[in-house]
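With our numbering applied, the sequence shown covers 79 to 557. First the structure, in the form of structure tokens, and then the observations on it.
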Amino acid sequence: MSDAIPFLAPRADVLARRARIVADLADLLPPECLIHETRELVPFETDAFVSYRRLPLAVALPRTTAEVAAVMRYCHRYGIPVVPRGAGTSLSGGAIPQEDAVVLGLSKMNSILEIDLPNRVAVVQAGVTNLNISESVSADGFFYAPDPSSQLACTIGGNIGMNSGGAHCLKYGVTTNNLLGVRMVLVDGTVIELGGKALDAAGYDLLGLVCGHEGQLGIVTEATVRLIAKPEGARPVLFGFESSEEAGACVADVIAAGIIPVAIEFMDKPAIEICEAFAHAGYPLDVGALLIVEVEGSEAEMDATLKDIVEIARRHAVKTVRECQSATEAALIWKGRKSAFGATGRIADYICMDGTVPLSQLSHVLKTTTEIVDHYGLRVANVFHAGDGNMHPLILFNANDPEDAARAEAAGNDILKLCVDAGGCLTGEHGVGIEKRDLMRHQYSEADLAQQMAVRAAFDPGWLLNPSKVFPLEGRPAA
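Structural data, given as structure tokens:
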């Protein structure tokens with residue numbers, strides 16, 4: 079990936095006042111909540127989209143909503159850009175800073191404030207990890223449904239920013255379907271409350287606008303999320319197919335039949351081999367593609383649902399059907415899938431795409447994706463949420479070879495355009511960030527983009543919040 083500067087030009091006046099800004103922030107935060115020495119800033123220079131790196135002006139790590147508001151009031155008063163950051167697991171460059179910006183990290187805001195089981199909600203600070211919410215209510219028979227692969231590390235604030243999903247979103251939905259309310263600090267330091275414990279709040283659905291805002295409308299500091307009762311039972315099953323096309327067609331037919339498993343995950347042969355070498359999950363190695371289908375409910379319900387799915391799979395020449403026989407086996411099956419990105423990183427550099435397509439187009443898009451990557455002389459491993467058509471092709475390349483990196487970026491752009499042309503969209507859960515920003519015009523007309531930017535500017539007229547992300551740099555209004 080080239081390191082051409084994909085950001086707005088740094089503001090020289092802000093850079094010239096760096097020492098004064100750091101001193102002023104030190105008056106607002108205790109010493110342990112402010113980072114400004116160069117060597118200590120290095121961990122914040124990028125996120126999981128490691129192709130681009132920039133050292134921020136400083137990093138603020140507030141502990142409360144009041145401290146977030148104080149930092150935002152100060153930065154707004156002096157025109158200092160702010161880049162919100164959760165755990166830094168963004169795969170689209172959503173948390174990469176720029177030289178004249180203060181990174182506002184929420185890692186110290188990691189408390190669960192309230193568990194309200196009668197109303198089936200939890201109130202948490204934005205720095206609480208996704209998985210920690212489920213762990214806090216597991217003993218009471220509840221869980222928090224969205225489960226990104228990075229749920230061990232990713233935070234609820236970042237999940238809200240990108241509207242994250244996960245393997246079980248097919249049945250339970252993504253973050254927006256499980257979010258009831260937020261406390262949010264606006265660009266000028268004003269604190270607002272949206273939604274709450276009620277299932278439907280009065281007024282405009284600003285909460286729907288905030289979920290997926292990529293840190294451009296405000297800083298979410300607290301969230302009220304929905305808790306769901308654990309199912310009676312759950313059973314993942316492995317289905318092996320001769321080809322990716324057959325597996326994709328099977329997924330489309332399962333959904334078309336009105337069957338909604340809790341999850342349908344896809345791996346092609348390269349992904350199967352990579353994940354099996356890492357997790358030793360017992361994946362079949364003699365197939366061209368694998369589906370992990372999980373059903374839940376009573377034993378009778380699971381048996382009936384699986385019977386219908388197996389009948390559909392047989393119409394697509396399924397080679398392997400293996401039901402897990404224990405909780406240990408089920409955990410291994412999911413370990414392999416959720417470790418896919420890390421396991422791939424053991425063997426090669428890669429970029430991960432995040433396009434979404436209609437299920438009827440899965441077979442076509444999988445076949446064409448392989449053709450695109452072959453055209454650039456690269457390799458691809460496909461692993462994704464097949465049930466909702468959220469594609470995650472991992473394009474393998476050598477990051478130390480600039481030409482190879484450029485080919486990988488070009489292949490990724492072509493795949494995302496393919497997803498849009500097939501009736502889908504540029505992102506399912508990773509967000510636009512920097513990665514897809516310049517492709518927005520492939521999906522949206524100038525009028526569409528202008529309306530979206532007008533909404534953004536209504537919250538942040540000076541474009542100080544995450545200013546170089548989401549929208550193409552050319553054509554945006556002057557700050």
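Where is the CB? At the ideal position from N, CA and C, for every residue including glycine.
Neighbour flag for residue i against chain D, beta carbons, 8 Å
i    : result
A307 : This model lacks chain D altogether, as it is built from one protein chain only.
Sub-8 Å separation of residue i and residue j beta-carbons
i    : j    : result
T422 : F317 : no
G205 : L191 : no
E343 : H463 : yes
V461 : L474 : no
L496 : V451 : no
C353 : S417 : yes
V260 : V269 : no
A327 : S441 : yes
N208 : P226 : yes
I429 : G490 : yes
T434 : G467 : yes
I337 : I411 : no
P480 : R519 : no
R96  : F122 : no
A223 : G251 : yes
G511 : S228 : no
A55  : L112 : Beyond the ends of the chain as shown, which are 79 and 557, falls residue 55; an answer cannot be given.
Counted within 10 angstroms of its Cβ, other Cβ atoms place residue i as buried (16 or more) or exposed
i    : result
Q403 : exposed
K385 : exposed
R415 : buried
Y282 : exposed
A405 : exposed
R89  : buried
V396 : buried
H358 : exposed
T253 : buried
G172 : buried
D178 : buried
P134 : buried
L230 : exposed
Q203 : buried
S129 : buried
T142 : exposed
S376 : exposed
N237 : buried
N256 : buried
R534 : buried
Per-residue DSSP class, three states only, for residue i
i    : result
T434 : strand
N460 : strand
A335 : coil
A525 : helix
R424 : coil
D194 : strand
M79  : Its pLDDT being 44, under 50, M79 is placed unreliably by the model, and the measurement read from it follows with that caveat. Three-state result, M79: coil.
I473 : strand
D346 : strand
P84  : coil
M262 : strand
G360 : coil
G490 : helix
I512 : coil
A341 : strand
T268 : coil
N468 : strand
A312 : strand
Q203 : strand
C289 : coil
G236 : helix
Expected contact under 8 Å - CB spacing of residue i and residue j to nearest Å
i    : j    : result
F537 : G267 : The Cβ separation is near 13 Å, so there is no contact.
I174 : R117 : 19 Å between Cβ atoms; not a contact.
E292 : K547 : 6 Å
V146 : T299 : 5 Å
A136 : L103 : 6 Å
K275 : T302 : 6 Å
V340 : H246 : 5 Å
L305 : F220 : 4 Å
E401 : V315 : 5 Å
G166 : D125 : 4 Å
L542 : V160 : 6 Å
H470 : M431 : 7 Å
Proximity test, residue i beta-carbon vs the ligand HEM heavy atom, cut-off 7 Å
i    : result
N476 : Judged by which ligands are present, the structure shown has none, so any question about the ligand HEM falls away.
Requested in this report: Inspect the CB distances between the stretch 494 to 510 and the stretch 227 to 242 and report whether three or more fall short of 8 Å.
Outcome: With a cut-off of 8 Å on Cβ pairs, the stretch 494 to 510 is in contact with the stretch 227 to 242, counting three or more such pairs.
Report task. Evaluate contact between the stretch 440 to 457 and the stretch 511 to 531, counting only Cβ atoms and requiring at least three cross-stretch pairs below 8 Å. Result -> no
Query raised in the report: If we count Cβ pairs, one from each stretch, closer than 8 Å, do we get three or more for the stretch 356 to 368 versus the stretch 333 to 347?
Result: yes
Query raised in the report: With contact counted as at least three CB pairs below 8 Å, one residue from each stretch, are the stretch 148 to 164 and the stretch 187 to 202 in contact?
Result: No contact exists between the stretch 148 to 164 and the stretch 187 to 202.
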